Amino acid sequence: MSSAPAEAPAAAPELSERQKKHLRGLAHRLKPVIRVGNPGLTESLVRETVRALHDHELIKVKTPAGDRAARAALLGELAARTASTLVHRIGNVAVLYRPRASLPRILIPDA
Numbered sequence: 056m057s058s059a060p061a062e063a064p065a066a067a068p069e070l071s072e073r074q075k076k077h078l079r080g081l082a083h084r085l086k087p088v089i090r091v092g093n094p095g096l097t098e099s100l101v102r103e104t105v106r107a108l109h110d111h112e113l114i115k116v117k118t119p120a121g122d123r124a125a126r127a128a129l130l131g132e133l134a135a136r137t138a139s140t141l142v143h144r145i146g147n148v149a150v151l152y153r154p155r156a157s158l159p160r161i162l163i164p165d166a
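This note's numbering puts the first residue of the sequence shown at 56, with every later residue one more than the last.
As structure tokens, then:
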């Protein structure tokens, strides 16, 4: 039986443009691990995103096609509810980052 991931930290990490650029480069090769379905932003989607961020720290999220403003609002809300940083967004795909509290896997350059 696996243990549940730790709760999301209270605040998203603040990143400089240099740090975001570094993370965008790392995310380039990644495939989306979270796909937002028709129900939109549900509690189970938030829990799965928290788990994915705990496991990977840097993830891609794919949203359904549609209104650009609605996608931006959905991704902003998802980032806020998971205490992650929205690093980048192109079309329907976004990159979220949240370092682990202990033993972070991804080392980012200083600001």
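Virtual Cβ for every residue (Gly too), placed ideally from N, Cα, C. Fair warning: this is a prediction, and the values are worked out from it, not measured in the lab.
Neighbourhood of Thr-137 by C-beta, 8 Å cutoff - its chain only, sequence neighbours within 5 removed: As a position in the sequence shown, residue 137 is number 82, starting the count at 1. Hits under 8 Å: Ala-63, Val-101, Thr-104, Val-105, Leu-108, Leu-151 and Arg-153.
Just checking my contact of Arg-73 with Pro-159 at CB under 8 Å: how many whole Å lie between their CB atoms? In the sequence shown, the residue the question calls residue 73 occupies position 18. In the sequence shown, the residue the question calls residue 159 occupies position 104. That belief does not hold up - the Cβ atoms of Arg-73 and Pro-159 are roughly 17 Å apart, past 8 Å.
If Leu-128 sits next to Leu-141, beta carbons under 8 Å apart, how far is it from one beta carbon to the other, in whole angstroms? Walking along the sequence shown from the start, residue 128 turns up at place 73. Walking along the sequence shown from the start, residue 141 turns up at place 86. Checking the sequence shown, residue 128 turns out to be Ala, not Leu. About 12 Å; that fails the 8 Å criterion.
Report back the beta-carbon spacing between Leu-96 and Val-116 to the nearest angstrom; my notes put them in contact at under 8 Å. Here residue 96 refers to the residue found at position 41 when the sequence shown is read from its first residue. Here residue 116 refers to the residue found at position 61 when the sequence shown is read from its first residue. Leu-96 to Val-116, Cβ: 11 Å. No contact.
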